[in-house]
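Residue numbers (my numbering): 837 to 1440.
Glycine residues also receive a C-beta, built at the ideal position from the N, C-alpha and C atoms.
Comments concern the structure below.
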Amino acid sequence: MHSDPEHGSLAQQPVADGDREAKGDAPTNPASTTRLHEQNAVQITAQAILDKEVDVLELTMGAVEEEIALQALQAKLSDLRYRRNQLCPIHRLPNEIMSLIFEISVISYHNRCRHVFSIASVSRFWRTIALGTPRIWCRTEWPDYKSEKIVETFLSRSKDVPLHITFNSAVEWFNPTPYFTHVSRHINRWKTCSIWYTDDDENLENITDFLHAPAPILRELYLCRGSPGWDSDADEDFLRDRPLFAGVTPQLCTLSLSGTFIPMDSPIYTGLTSLSLSSIAFGGPRAISQLLSALGGSPGLQVLKLQFLEFSVSFSSTDVLDNRVPAVTLSHLRELNLSGCDVDKLPLQQLLSRITTPPTAEIGLDMNMGPDQSLCDFFPPSLSLPHNLRSLSQTRYLKIDMSWADADEEGDELSEAQEYCALYGKVLGDDEGGFWMETSGSDDHILNVLSNLGKALPMPLLDKLKFACSPFASYRLPAHILKSCLVDYSSLTQLLFRSIHLTSIMEVLTLPSTVPLCPSLQTLAFTDSCFVHDNEARLIDFIKLRATSTNAEGDSYGRATPLKFLRLKNCCCVSPALFQALEVLLTVDITIRPPRSFQCYTGR
């Protein structure tokens, strides 16, 4: 190695920082090192961002290519299907089918106005069909449409098809003039008419001013006062001077009046198949006779509902109707509903004694009974029942459902305890004929209902009787009440108890008598009952007596039919000894719940 005498050897000379960096050696300055690291980090971050954007663009390009290919395949498939459909006899839905679909959708849609316009706005093809289907434009409802222009549009597009008219100002008052001015011009096309109006006689008068032309095809008419309340025939005398539809409604079959009175001698009551009268106060001594005369004008009635009616003239069980009013025979009646019956305001006895119904009719009664009233105050004498209310006299199954509600404190007042008793009867099958009766009252109401049950409602064909309370309520049915029912209904073959306290039952069943209760009894059943104390022993004594139909001396026990079946369902405290003692005498069916679910009550 050469050397310079002045500066020494080359190996001993210092090397510049730039030269060191060129050679890859680390700089000796710490600040330079930090700056290099920061530059490298920025570069790496920028590269990562660019790599991510590149990946996104590549995926997007792939998705676009797949979407383009998919659209091409879908277009090709659609073309193939179209060409295939062209070869079919029917390659598109006929206009008639589309029209029918539109009709069904409009009827089931809650906002028909908007729905019809939506259908007509889908396409030119749909619009053509919609405009050519007048039946989807035949329902005009005010105030849903809220525009005279819309009403005019519907009336014009409905052409000559029957119209369904609805006007509702029950909640909020609407001036009826704009609506009825348009629809009354087409009154000859009205098929149904439903009007709810506010509690304002002037409002009804404004409406009826447009209802004086004949309605030759009107089939259903509903007139309802919007706010609850009673209406009087004296308040509606103007309808006598200006009869609705000029008294010409030859096809009317359904009439419903709520809080609105139309004179009973009006021809509008003729030829009906369904009549509903609600919240009407009748006046005058001949009101009940006029009502029966109106019913006689519609012998084909299938549904009759009389709800919350009042008669200003008081009636008693000794009152006799006008002999000139014949009995009304409704041989086609399917449903008779009398709700809100008050014996002081509705002469139920007089009304039911003059109406004859078939055994297949369903009779429903909802009655409010006073503390001193019984069923005999509501029903006509028992001698007329077999000829009039055959759904009652020919009942084969009767269920008596009992419940109660204790007194509750409401504010500063204490509400009175209420008792409820409901009767359900069937004549033939599950769906043919029968009756239901719901009653309510204060204390001892249940006893008042059951005390004269057999006398008020004689049922010589009754086969099955069931007493029921809420599960495990263990209602204490007085022995004399139970005995009275069993004596009056001696034709029973099945006797069932649910949640009825066994003490009174056993007391009645084991009474010594030369004539047995229910001599035809074959089935005895208990559900949700508790066999405590001596009830098991008394039941065994009764079963031994009735299963063999002989007394202790071996004589025939009143020629009673032997008891064949005993059913115990969900009963507690049933010992194995009971089953062993009874299974040798008759067929025993026992269904027992797990012990932890039993709750034995001492009874009401």
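Best match in the options for proximity to residue i [C-alpha to C-alpha]
i: D1425; options: C1408, S1411, R1403, A1417; result: R1403
i: L1360; options: G898, A1383, T1339; result: A1383
i: E1372; options: P1352, P1398, L1357, H1337; result: H1337
i: T1193; options: L1113, L1172, E1255; result: L1172
i: F1016; options: D1279, P979, L1201, R993; result: P979
i: Q1358; options: R928, K1400, T1339, H1048; result: K1400
i: P1012; options: E977, A956, G1119; result: E977
i: L1347; options: L1137, K1319, F1333; result: K1319
i: S1287; options: Q1209, G1107, S1227; result: Q1209
i: N1004; options: P998, S1030, P930; result: S1030
i: S1167; options: P1217, D1202, S1227; result: S1227
i: L1225; options: E901, L1381, G1200, D1237; result: G1200
i: P998; options: D1377, C974, F1010, K982; result: C974
i: A1315; options: F1046, L1131, E1343; result: E1343
i: S1092; options: L872, I1116, P925, T1044; result: I1116
Residue burial classification, residue i (beta-carbon count within 10 angstroms, cutoff 16)
i: L895; result: exposed
i: D1364; result: buried
i: G898; result: exposed
i: P1207; result: exposed
i: A1241; result: exposed
i: G968; result: exposed
i: L893; result: exposed
i: V878; result: exposed
i: D1213; result: buried
i: V958; result: exposed
i: T1085; result: buried
i: E1255; result: buried
i: K912; result: exposed
i: L1263; result: Residue 1263 is actually Val in this sequence, not Leu. Looking at its Cβ environment, which holds 16 or more other Cβ atoms inside 10 Å, V1263 is buried.
i: Y1311; result: buried
Helix, strand or coil at residue i [DSSP, three-state]
i: V878; result: helix
i: K1380; result: helix
i: D887; result: helix
i: A1361; result: strand
i: N1406; result: coil
i: T1329; result: coil
i: L1145; result: strand
i: I933; result: helix
i: G1119; result: coil
i: Q1416; result: helix
i: T1438; result: In this prediction, T1438 has a pLDDT of 35, which is less than 50 and means its spatial position is unreliable; nothing more can be read from the coordinates.
i: K1262; result: strand
i: R1312; result: coil
i: I1104; result: helix
i: F1271; result: strand
i: A966; result: helix
i: A908; result: helix
i: K1319; result: helix
i: F961; result: helix
i: I1098; result: coil
i: T1397; result: coil
i: L1297; result: coil
i: T1196; result: coil
i: L1187; result: helix
For residue i: DSSP bridge partner residues
i: S1092; result: Y1058, S1112
i: H1000; result: R975, T1028
i: C1366; result: C1408
i: V1139; result: S1110, E1171
i: E903; result: BP columns for E903 are empty, so no partner.
i: V1424; result: L1402
i: S1239; result: Y1256
i: A1304; result: D1237, R1334
Spatial neighbours of residue i in its chain, beta-carbon cut-off 6 Å, leaving aside the 5 residues before and after
i: L1040; result: Y1033
i: M1205; result: T1275, G1277
i: F868; result: Correcting the residue identity first, residue 868 is Ser in this sequence and not Phe. Nothing meets the Cβ criterion.
i: S1411; result: none
i: K1141; result: S1112, N1173
i: P1216; result: Q1185, L1188, S1189
i: G1261; result: T1231, L1234, G1270, F1271
Below-8 Å beta-carbon distance, residue i vs any chain B residue
i: I1023; result: No chain B appears in the structure shown, which is made up of a single protein chain.
Neighbourhood of residue i by C-beta distance below 7 Å, restricted to the same chain and skipping five residues each side
i: H1018; result: E984, V987, E988, L991
i: I1124; result: F1147, L1157, P1183, Q1186, L1187
i: L1169; result: L1137, Q1138, L1140, T1193, P1194, A1197
i: I1023; result: A1049, A1051
Sequence-distant residues of the same chain with beta carbon closer than 8 Å to residue i, five excluded per side
i: D996; result: P970, R1025
i: S1306; result: S1239, S1335
i: T1423; result: K1400, F1401, L1402
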